[in-house]
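Worksheet: the structure to be examined is printed underneath.
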Amino acid sequence: LLLGSRHVRFARPAYNASERFRVVAVRSWGDERGAVSFDCRVEEIASGRPVATARLSCFVPGDESEVDAMTERPS
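To convert, count from 1 in the sequence shown and add 13; that's my numbering.
Take a look at the structure:
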């Protein structure tokens, strides 16, 4: 589950719908579950040049009951 993002940078102001990109995400800290952080980049497939970078803060649940508990709405 995405909690937030930091240090988001875009290399240009617009992107064309016909372009193809690759997303690369490397875990920078955290365990198999719980709070984790990923350093991410989006790069052009043709050139490999990065077009966006960010650090994503996420939560990886241990099982479905944790997801259910986080998404329950009060009665």
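Where a beta carbon is used, it is the ideal one built from N, C-alpha and C, also for glycine.
Give me the residue from 57, 22, 43, 14 with the minimum Cα distance to residue 30.
The candidate whose alpha carbon is nearest that of residue 30 is 57.
Considering Cα atoms alone, identify which of 27, 46, 20, 51 is closest to residue 70.
With distances taken between Cα atoms, residue 70 lies closest to 51.
Once the 5 residues before and after residue 42 are set aside, which same chain residues still bring their CB inside 6 Å of it?
These residues qualify, in order along the chain: 50.
Looking only at its chain, what residues have a beta carbon closer than 6 Å to the beta carbon of residue 37, apart from the 5 residues adjacent to it on each side?
54, listed in sequence order.
Helix, strand or coil, according to DSSP, for residue 31 in the structure here?
Coil, per DSSP.
With respect to the beta strand (DSSP E) encompassing residue 70, which residues constitute its N-terminal and C-terminal limits?
Taken as a continuous stretch (DSSP letters only), the beta strand (DSSP E) holding residue 70 covers 63-73.
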